[in-house]
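S.K.:
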Amino acid sequence: MKRTASINLERMRKAPVEPRRLTLVAAIAVAVSGCSDSREATVYNDVNDCIDANPELAEQCQTAYESALSEAATSGPRYDSQLACESDFGQDSCRTYQPQDSNGSWFVPAMAGFLFARALDGNRYQSSALYTSRYMRSPVYGKWSTVDGRVFGNGRQGRVSVDNDLFKPKPAVSRTMSRGGFGSVVAAKSNFGGSSSSSRSRSWGG
């Protein structure tokens, strides 16, 4: 939505501003906004929640949701058995997944939500798939986790502050996890970086 500003032309004539100063001010504003390591995002459980909260962004919500689903399918944890998957994410939290271009199948956690945030360039929106766990001993219990094991929040919808690099493309997963494997990934990231949402340890799925 474009905004218009009320301009006093007479004042502008009496006190002209040099173009160089305007350029410098604009450059500083862009630099400051781009220097922050984090930004505000919103967690939604599904696309309908996103559209209900942002009816003017229905198309962006749909695109973001589909992008998150694709990220989960490509880069999310996968297991050889339902029991192994549920040991990390809880009972009835996993489903069978079979890619169209593969004869094999495996078990994956159901995507429980997704992050929705305006991109740094301000012209589009970005998203990231989120999981939670129903298993009380899981480090993801009552929290949100990205596909690569960054944990934050309280497992509820709402606004959160996340690292900018959280929205970077994740590597595709090429192998399955053993029982409790995702919990180990989360623990390793937490120990490596102090804060799960800001750690930068290596990916598990390359």
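Counting in my numbering, the sequence shown runs from 253 upward without gaps.
The beta carbon of each residue, even a glycine, is placed where N, CA and C say it ideally should be.
#1: Starting from residue 382, follow the beta strand (DSSP E) in both directions and report where the run begins and ends.
#2: Below 8 Å on the Cβ atoms is my contact criterion, and I expect residue 295 with residue 378 to pass it. Report the Cβ-Cβ distance as a whole number of Å.
#3: For residue 356, which three-state DSSP category applies?
#4: Which residues mark the beginning and the end of the beta strand (DSSP E) in which residue 308 is found?
#5: Please report how far the alpha carbon of residue 418 lies from the alpha carbon of residue 355, in whole angstroms.
#6: The alpha helix (DSSP H) spanning residue 339 covers which residue range?
#7: Can you check which of these residues, 353, 307, 352 and 398, is closest to residue 364 by C-alpha distance?
#8: Would you kindly work out how many angstroms separate the C-alpha atoms of residue 431 and residue 305, rounded to a whole number?
#9: Would you please state the rounded distance, in angstroms, between the beta carbons of residue 429 and residue 349? I believe it to be under 8 Å.
#10: Looking at the unbroken beta strand (DSSP E) that takes in residue 415, where does it start and where does it end?
#11: Express the C-alpha separation of residue 338 and residue 387 in angstroms, rounding to a whole number.
#12: Within the same chain, show all residues whose beta-carbon is closer than 7 Å to that of residue 405, passing over the 5 residues directly before and after it, in chain order.
#13: Count the other CB atoms within 10 Å of the CB of residue 318; is the residue buried (16 or more) or exposed (fewer)?
#14: So residue 438 and residue 403 are supposed to be a Cβ contact under 8 Å. How far apart are they, rounded?
#15: Alpha carbon to alpha carbon, what distance is there between residue 346 and residue 290?
#16: Buried or exposed: where does residue 391 fall if 16 or more other Cβ atoms within 10 Å of its Cβ makes it buried?
#17: What span of residues does the beta strand (DSSP E) with residue 386 cover, start to end?
#18: With DSSP as the reference, label residue 285 as helix, strand or coil.
#19: Going by Cα to Cα distance, which pick from 434, 426 and 436 is closest to residue 357?
M.R.: If we stick to the structure as given:
#1: Following the DSSP letters along the chain, one finds residue 382 inside the beta strand (DSSP E) bounded by residues 377-382.
#2: Between residue 378 and residue 295 the Cβ distance is about 13 Å, and since that is not below 8 Å, they are no contact.
#3: Coil at residue 356, not helix or strand.
#4: In the DSSP assignment, residue 308 falls outside any beta strand (DSSP E) and carries neither an H nor an E.
#5: Residue 418 and residue 355: Cα-Cα distance of roughly 31 Å.
#6: Boundaries of the alpha helix (DSSP H) harbouring residue 339: 334-341, taken from the DSSP string.
#7: If we check each option's Cα against that of residue 364, 398 comes out closest.
#8: Taking the straight line from one Cα to the other gives about 37 Å.
#9: The pair is not a contact, with the Cβ atoms about 13 Å apart (cut-off 8 Å).
#10: Its beta strand (DSSP E) spans residues 410-415.
#11: Rounded to whole angstroms, residue 387 to residue 338 spans 8 Å at the Cα level.
#12: In its chain, beyond the 5 residues on either side, 295, 395, 396 and 412 have a beta carbon closer than 7 Å to the beta carbon of residue 405.
#13: Per the 10 Å Cβ criterion, exposed.
#14: That belief holds up - the Cβ atoms of residue 438 and residue 403 are roughly 6 Å apart, short of 8 Å.
#15: Looking at the two C-alpha atoms, the distance is approximately 31 Å.
#16: Looking at its Cβ environment, which holds 16 or more other Cβ atoms inside 10 Å, residue 391 is buried.
#17: DSSP places residue 386 in no beta strand (DSSP E); its state is neither H nor E.
#18: Only weak support exists for where residue 285 lies, its pLDDT of 42 falling under 50; the value from the coordinates is given anyway. Residue 285 falls in the helix class under three-state DSSP.
#19: Of the listed residues, the one whose Cα sits closest to residue 357 is 426.
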